[in-house]
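Number of protein chains: 2
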Amino acid sequence: MHNETWRPPCVLLTVDLVILTLRSSALHVLLVERGIDPHKGELALPGGFISDTGEDIFDAACRELREEAGLDATSLHLEQLNTYGRPDRDPRGRIVSVAYLAIAPGLPEPEAGTDASAASWRPVEEFTSGHRKLAFDHREILDHGLERARTKIENTSLATAFCDTTFTITDLQRVYEAVWGFELDPRNFYRKVQAISGFITPVDSDRRTTKGRPARLFQAGPEHLLRPPMLRPLPQPRPFSRPRSETS
Amino acid sequence: MHNETWRPPCVLLTVDLVILTLRSSALHVLLVERGIDPHKGELALPGGFISDTGEDIFDAACRELREEAGLDATSLHLEQLNTYGRPDRDPRGRIVSVAYLAIAPGLPEPEAGTDASAASWRPVEEFTSGHRKLAFDHREILDHGLERARTKIENTSLATAFCDTTFTITDLQRVYEAVWGFELDPRNFYRKVQAISGFITPVDSDRRTTKGRPARLFQAGPEHLLRPPMLRPLPQPRPFSRPRSETS
DNA sequence: TTAGCTTCTTGTCAGTTCGACAAAAAGCGG
DNA sequence: CCGCTTTTTGTCGAACTGACAAGAAGCTAA
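Residue numbers (our numbering), protein chains in the order written: chain A, 9 to 256; chain B, 9 to 256.
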């Protein structure tokens, strides 16, 4: 296939992070304003080159999470998304980026004065609705991250990663509503999440009270796979379902 | 973060393929016997280095599919899996591999005399049950590919990618049984797949006949997302589901 | 103190789906 | 025509879903 003098080409490897959280019931993503060219001044996902050839990719994602976002990887969900390597995606040369999805509970604005000071939480709605743009192909990466989140909270307990260690069922409902973009019936939601075995377990003798009736507190359960799953309502009312017995 | 003389390290990029198909109702994966060190003589996933810095990763996957497996990427399902970059995964140096999952309908053995002659279909059961080993971290990649397939045929129409353009409902059932490793009730399966709108559409006036009653033929429908989903039975009978009204 | 407000929690109820199984339908081989 | 195989249609009780009413438990303001 290749003669012996052929040397495989090498590429530069970066890590990009889609970090999602909930702030006042709206889904937000952490973005940085680029300080250097290319795309100077534009918004971009936090990320950067792997530090040396001995660094594992996952470790690089943890490091960027700490350096650029000021977040501790051990306390939040972090999973790999796709890898992006279109030859023209970066004008500086052949740069391949491994994207990661991070899910964090509600957090304060990144502290000024730190390395993460250039980062800020932005409502994802600004980008999904089309007006605002992102540097490089980061809009595509963000879309993939959002779709991954939408799908995974259907079948896994990922939604609890948006919550603190203890949370109310209404907190959890806010997560589903923000990620899916749908309002849900609180009464059906309340019973449904409890019927899924291992999803959430009650924390006894403690309730959180804000305005109405105090709510029971829960914590994430042992099960990762939700069965039955939480199915999101579909955007389109679906073409049509063939009547069962109409065989023509 | 880095001074200006710092140059980001570059890595070698490869593509590895998990190519799945059904042969006589059993799930098979295409593997090659390595002709060179490292891991000479061992079984490995087909794959190779990207050919030059201008080649897109997806295109590289298509090329390897053609060169190593003799398959045409336009006629089968091809999607990206995870990217593997542990520093010690390849003794030759820092080699990062982007894995792809390909799903093909039942196919004959790769033709001898071609570039793909080193490749052969192996039952996945040989590897999942533990005895036989794979080169590098390819066992891990295979496991991820299998888990992806198991999950995606639940929620998407991916299962039809294992079938020819027309197929019977029993053919489709064989796919689910092979990928999940569970036997399913043909009668419930028959009605369930038809109730999912857009999953499969009947091909009129044509039936396939082998031994028993001739079976109606179908083709893949327009819908990608299955709603309601096909839920696989769980290995463990699940701990226990709290009685609905037991609130203590 | 009590009425009103908010939010959480439990009930109800009809339509749908699911899983286990029976039985009919449609071919083939003898 | 009889038995065999495989596909297709029925049946039926249990479980789940989605819509909505209503009770429970706090807070606040008159």
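Glycine included, every Cβ here is placed at the ideal spot set by N, Cα and C.
Same chain only: Cβ atoms within 8 Å of residue i, ignoring 5 sequence neighbours per side
i      : result
R215/B : P222, A223, R224 and L225
E254/B : Note that E254/B has pLDDT 27, beneath the 50 cutoff, so the model's placement of it is unreliable and the number below is only indicative. Within the same chain, E254/B has no close Cβ partners at all.
T176/A : R216, A223, R224, L225 and F226
V19/B  : G93, R102, I103 and V104
E117/A : S128 and W129
T136/B : D151 and L154
Top-ranked residue by Cα proximity to residue i, from the options
i      : options                           : result
S33/B  : T61/B, L233/B and F170/B          : F170/B
Q88/A  : D145/A, L20/A and I27/A           : I27/A
L142/B : R156/B, G93/B and A52/B           : A52/B
R154/A : R199/A, R74/A, P194/A and Y108/A  : The residue asked about is misnamed: residue 154/A is Leu in this sequence, not Arg. It is Y108/A.
V201/B : D151/B, A228/B, T218/B and W188/B : A228/B
L242/B : P194/B, E117/B, K219/B and W188/B : W188/B
P236/B : G62/B, P210/B, L192/B and R199/B  : R199/B
Beta-carbon proximity check, residue i vs residue j, cutoff 8 Å
i      : j      : result
E112/A : T174/A : The amino acid occupying residue 112/A in the given sequence is Ala; Glu does not appear at that position. No. Outside cutoff.
V106/A : T91/A  : yes
A126/B : V40/B  : yes
P99/A  : D64/B  : no
V104/A : G55/A  : no
L166/A : H85/A  : yes
R240/B : F190/B : yes
Q181/A : F207/A : no
P17/B  : D151/A : no
D80/B  : R74/B  : yes
R97/A  : D145/A : yes
CB-CB length for residue i against residue j, believed under 8 Å
i      : j      : result
S205/A : E231/A : 7 Å
I44/B  : L21/B  : With 8 Å as the limit, I44/B and L21/B do not qualify as a contact, their Cβ atoms being about 19 Å apart.
T178/B : L234/B : About 19 Å separates the two Cβ atoms, so there is no contact after all.
R31/B  : W129/B : 6 Å
E134/B : R140/B : 5 Å
L25/A  : E72/A  : 6 Å
Other residues of its chain near residue i: CB distance less than 6 Å, five sequence neighbours each side excluded
i      : result
D172/B : P113
M238/B : E162
P46/B  : P99
E50/A  : R42 and A143
P131/A : A34 and H36
T168/B : A228
R15/A  : none
K259/B : It is not possible to answer for residue 259/B, since the shown part of chain B is limited to 9 through 256.
Sequence-distant residues of the same chain with beta carbon closer than 7 Å to residue i, five excluded per side
i      : result
L38/A  : I27, P54, A77, A127 and W129
R156/A : L89 and L109
A69/B  : V23, L25, L86 and Y108
K48/B  : R42
V211/B : T174, L225, F226 and Q227
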